[in-house]
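Asks: Quick one: this structure, given as structure tokens, is what I'll be asking you about.
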Amino acid sequence: MKTVIAALDRDAPDLTVIRQAGELIRSGGLVAFPTETVYGLGGDALNPEAAKKIYNAKGRPSDNPLIVHIADPAGLDFIARDIPENARETVNRLWPGPLTIILPKKEIVPKETTGGLDTVAVRFPANKIAALFIQAAGGFVAAPSANRSGRPSPTRAAHVAEDLDGKIDMILDGGDTAIGLESTIVDFTADPPVILRPGYYDAETIANIAGSVVYRRSLTHVEDDQAPKAPGMKYRHYAPKGEMFLMEGSPESVARYVNRMLREQTKTGKRVAVICAKEHAAAYRGGIVISPGSLTNEEEIAGNLFDALRQADTSGADVIYSETFYTERLGEAVMNRLFKAAGGSVIRVM
Ligand code: TXA
Ligand code: MG
Numbered sequence: 019m020k021t022v023i024a025a026l027d028r029d030a031p032d033l034t035v036i037r038q039a040g041e042l043i044r045s046g047g048l049v050a051f052p053t054e055t056v057y058g059l060g061g062d063a064l065n066p067e068a069a070k071k072i073y074n075a076k077g078r079p080s081d082n083p084l085i086v087h088i089a090d091p092a093g094l095d096f097i098a099r100d101i102p103e104n105a106r107e108t109v110n111r112l113w114p115g116p117l118t119i120i121l122p123k124k125e126i127v128p129k130e131t132t133g134g135l136d137t138v139a140v141r142f143p144a145n146k147i148a149a150l151f152i153q154a155a156g157g158f159v160a161a162p163s164a165n166r167s168g169r170p171s172p173t174r175a176a177h178v179a180e181d182l183d184g185k186i187d188m189i190l191d192g193g194d195t196a197i198g199l200e201s202t203i204v205d206f207t208a209d210p211p212v213i214l215r216p217g218y219y220d221a222e223t224i225a226n227i228a229g230s231v232v233y234r235r236s237l238t239h240v241e242d243d244q245a246p247k248a249p250g251m252k253y254r255h256y257a258p259k260g261e262m263f264l265m266e267g268s269p270e271s272v273a274r275y276v277n278r279m280l281r282e283q284t285k286t287g288k289r290v291a292v293i294c295a296k297e298h299a300a301a302y303r304g305g306i307v308i309s310p311g312s313l314t315n316e317e318e319i320a321g322n323l324f325d326a327l328r329q330a331d332t333s334g335a336d337v338i339y340s341e342t343f344y345t346e347r348l349g350e351a352v353m354n355r356l357f358k359a360a361g362g363s364v365i366r367v368m
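All letters in the sequence shown, in the order written, are residues 19 to 368 by my numbering.
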């Protein structure tokens, strides 16, 4: 299949293109589109065949549920039931925005969309192209991140094309996404609600609105890894092709260790990449040094994280060492992605 790539102005998108994209969804096709978090791979959320096509294009297991994207808060009551007051309050305050909520589903949502579950994930993204597209598509667009299963989420149209060119009908190119990490997922079928995936909104922000929220440390740390998670969290994720290690310790001891490994592994013919804060880039001697951003700008780090993981891939690195980024507000979300990319492999140095 030929994938049409349409460049759009993010503030004033061409409505003819939006209409075409909406038409494609209504007739059962797949369209990738920008949101404020990452690009999504959209299909009609109320059409079971479209869900199957999404799983196929992504190479994703079909028991991993999809998020239903809406562009009008009224859409929530159309697909979800038994909505508690604190869930309403939370979406009133944070939608449109990088927040997904889990609720019991209504009959109209096919099990194919929810990976067989009786619950549905709902999100109202804050992106003009996304909103117009969802409306044009009929109001309910199922969309996982628009990457091949297991690869880093796409933050620009070129990432989507890398993974899905020839497998989907269209890509709406709205430039780089504003946030760069996927939405915070909160499960409101539990009381108190539970954060299943950390994102741009941290636990404190959610708790301040919802009354309280359960946040498990195991989402960002390897120890006590027993907690229930979003079904998608059990799969290998964001993983670059090279073997990846997370480095814990002071910047000096990390650089000393990594430089020693750089010398040894380069001798044996291995390509080594380092993912580090801009401040530390000069401390690494050789190798492929990739910096998502500065420690003084956590939004920059979050925004460039997935691109850094993709760069590590395209550089052909056999081994990747990454620093940790426990920044104030987004650190939990960033470290959750890095832990999964590294498959939980951590090296602690003194
Ligand atoms: O920011 C985002 O959320 C992006 C953009 C495109 O909106 N979407 C996204 O979708 O990240 P995806 O499919 O890559 O991740 C959705 C996660 C998965 O881990 C999935 O298992 C979980 O949400 N999820 C979906 N429905 C669920 C449900 N009913 N119960 C529990 N977890 C659910
Ligand atoms: Mg994903």
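Every residue, glycine too, gets a C-beta built ideally from N, C-alpha and C. None of these values were measured; they are calculated from a predicted model.
Determine the burial state of I126: buried for a count of at least 16 other Cβ atoms within 10 Å of its Cβ, exposed for fewer.
Replies: By 1-based counting over the sequence shown, the position of residue 126 is 108. Result: exposed.
Asks: In whole angstroms, what separates the C-alpha of G58 from that of H177?
Replies: For the purposes of this step, residue 58 is taken as the residue at position 40 of the sequence shown. For the purposes of this step, residue 177 is taken as the residue at position 159 of the sequence shown. Distance between the alpha carbons of G58 and H177 is about 11 Å.
Asks: Which residues in the same chain as G93 place their Cβ atom closer than 6 Å to its Cβ, once the five residues preceding and following it in sequence are excluded?
Replies: Position 75 of the sequence shown holds residue 93. Result list for G93: G157, in chain order.
Asks: Going along the chain, which residues of its own chain have a beta-carbon closer than 7 Å to the beta-carbon of A330, five neighbours each way excluded?
Replies: Locating residue 330 in the sequence shown gives position 312, where the first residue counts as 1. Here the set comprises P258, G260, A291, I293, I308, I338.
Asks: Classify K358 as helix, strand or coil using the three-state DSSP reduction.
Replies: Mapped onto the sequence shown, residue 358 falls at position 340. DSSP places K358 in helix when its eight states are reduced to three.
Asks: Note down the Cα distance separating R234 from V140, rounded to an integer number of angstroms.
Replies: As a position in the sequence shown, residue 234 is number 216, starting the count at 1. As a position in the sequence shown, residue 140 is number 122, starting the count at 1. Approximately 22 Å between the Cα atoms of the pair.
Asks: Start and end of the alpha helix (DSSP H) containing G321?
Replies: Residue numbering aside, residue 321 sits at position 303 when the sequence shown is read from its first letter. Unbroken alpha helix (DSSP H) run through G321: 316-332.
Asks: Considering only DSSP beta bridges, list what H87 is partnered with.
Replies: Your numbering for residue 87 matches position 69 in the sequence shown. Paired residue(s): R141, V159.
Asks: Check the C-beta distance from P83 over to G133 and give it rounded, since I have them as a contact under 8 Å.
Replies: Counted from its first residue, the sequence shown places residue 83 at position 65. Counted from its first residue, the sequence shown places residue 133 at position 115. About 3 Å; that satisfies the 8 Å criterion.
Asks: How is the alpha helix (DSSP H) around T284 delimited, first residue to last?
Replies: On the sequence shown, position 266 is the one that residue 284 refers to. Note, T284: alpha helix (DSSP H), 269-285.
Asks: Within a Cβ cutoff of 8 Å, which residues of the same chain sit near A221, ignoring the five residues on either side of it in sequence?
Replies: Numbered from its first residue, the sequence shown carries residue 221 at position 203. Within the same chain, A221 has close Cβ partners I213, V231, Y233, E350.
Asks: Can you list, in chain order, the residues of its chain whose CB lies under 7 Å from that of A144, leaving out five sequence neighbours each side?
Replies: Start at 1 with the first residue of the sequence shown, and residue 144 comes out as number 126. Excluding sequence neighbours, A144 sits near E54, P114, G115.
Asks: Got a sec? Which residues, its chain only, sit under 8 Å from R166 by beta carbon, not counting five neighbours each side?
Replies: One-based indexing of the sequence shown puts residue 166 at position 148. Within the same chain, R166 has close Cβ partners K76, G77, D181, L182.
Asks: Assess contact between the segment 116-123 and the segment 192-203, defined as three or more Cβ pairs (one per stretch) separated by less than 8 Å. Is contact present?
Replies: With the cut-off at 8 Å, the segment 116-123 and the segment 192-203 touch.
Asks: Rank A69, A25, I152, T173 by C-alpha distance to the C-alpha of A326 and give the top, closest one.
Replies: To locate residue 326, count along the sequence shown from 1; it is residue 308. Nearest option by C-alpha distance: T173.
Asks: Could you name the residues, in chain order, whose CB is less than 6 Å away from a heavy atom belonging to the ligand MG?
Replies: Matched residues: P162, S163, S171.
Asks: Assign K123 to one of three DSSP states: helix, strand, or coil.
Replies: What you label residue 123 is simply residue 105 of the sequence shown in a count that begins at 1. Three-state result, K123: strand.
Asks: Is P116 near the ligand TXA, going by C-beta to nearest heavy atom under 7 Å?
Replies: Position 98 of the sequence shown, counting from 1, holds the residue named residue 116. The answer is yes for P116.
Asks: With respect to the alpha helix (DSSP H) encompassing V400, which residues constitute its N-terminal and C-terminal limits?
Replies: A question about residue 400 goes unanswered here, because the residues of the chain that appear run from 19 up to 368.
Asks: Helix, strand or coil for T118, going by three-state DSSP, please let me know.
Replies: Taking the sequence shown and counting its residues from 1, the one referred to as residue 118 is at position 100. In this structure, T118 counts as strand in the three-state DSSP scheme.
Asks: For the beta strand (DSSP E) holding G61, just list the boundary residues, first then last.
Replies: Here residue 61 refers to the residue found at position 43 when the sequence shown is read from its first residue. That run of the beta strand (DSSP E) goes 58-62.
Asks: In the structure shown, what three-state DSSP assignment does D336 receive?
Replies: Here residue 336 corresponds to residue number 318 of the sequence shown, with the count starting at 1. The answer is coil: DSSP assigns D336 none of H, G, I, E or B.
Asks: Restricting to Cα atoms, I'd like to know which of F151, N315, T108 is closest to N226.
Replies: Along the sequence shown, read from residue 1 onward, the residue named residue 226 stands at position 208. The shortest C-alpha separation from N226 is found at T108.
Asks: Just the Cα atoms here: how many angstroms apart are A245 and G362?
Replies: Walking along the sequence shown from the start, residue 245 turns up at place 227. Walking along the sequence shown from the start, residue 362 turns up at place 344. Bear in mind that the predicted position of A245 carries a pLDDT of just 48, short of 50, making it too unreliable to give a figure here.
Asks: I think A39 touches V49, with their Cβ atoms under 8 Å apart; what is that distance to the nearest whole Å?
Replies: In the sequence shown, counting from the first residue as 1, residue 39 sits at position 21. In the sequence shown, counting from the first residue as 1, residue 49 sits at position 31. Between V49 and A39 the Cβ distance is about 5 Å, and since that is below 8 Å, they are a contact.
Asks: Quick one, are the C-beta atoms of E318 and T345 less than 8 Å apart?
Replies: The residue labelled residue 318 in the question sits at position 300 within the sequence shown. The residue labelled residue 345 in the question sits at position 327 within the sequence shown. The answer is no: Cβ separation not under 8 Å.
Asks: When the Cα of V56 is compared with those of F324, L121, A360, S333, which residue comes out closest?
Replies: To locate residue 56, count along the sequence shown from 1; it is residue 38. Selected option, being the one with the closest Cα: F324.
Asks: Who does F263 pair with in a DSSP beta bridge?
Replies: Stepping through the sequence shown from its first residue, residue 263 is reached at position 245. DSSP output for F263 lists Y339 as bridge partner(s).
Asks: In this structure, does DSSP put F206 in helix, strand or coil?
Replies: For the purposes of this step, residue 206 is taken as residue 188 along the sequence shown, with counting starting at 1. In this structure, F206 counts as coil in the three-state DSSP scheme.
Asks: Nearest-angstrom Cα distance between G334 and F206?
Replies: The sequence position of residue 334 within the sequence shown is 316, counting from 1. The sequence position of residue 206 within the sequence shown is 188, counting from 1. For G334 and F206, the distance between alpha carbons rounds to 42 Å.
Asks: Quick one: is the Cβ of T53 within less than 7 Å of any heavy atom of the ligand TXA?
Replies: Residue mapping note: residue 53 aligns to position 35 of the sequence shown, counting from 1. Answer for T53: yes, Cβ within range of the ligand TXA.
Asks: List the DSSP bridge partners of L190.
Replies: As a working note, residue 190 is residue 172 in the sequence shown. The partner list for L190 (beta bridge, DSSP) reads A24.
Asks: Out of R281, T223, F151, state which residue places its alpha-carbon closest to the alpha-carbon of R28.
Replies: Numbered from 1 along the sequence shown, position 10 holds the residue referred to as residue 28. Taking only the C-alpha atoms, the option nearest R28 is F151.
Asks: Is it true that the CB of L112 sits closer than 8 Å to the CB of T137?
Replies: Taking the first residue of the sequence shown as 1, we reach residue 137 at position 119. Taking the first residue of the sequence shown as 1, we reach residue 112 at position 94. Contact: no.
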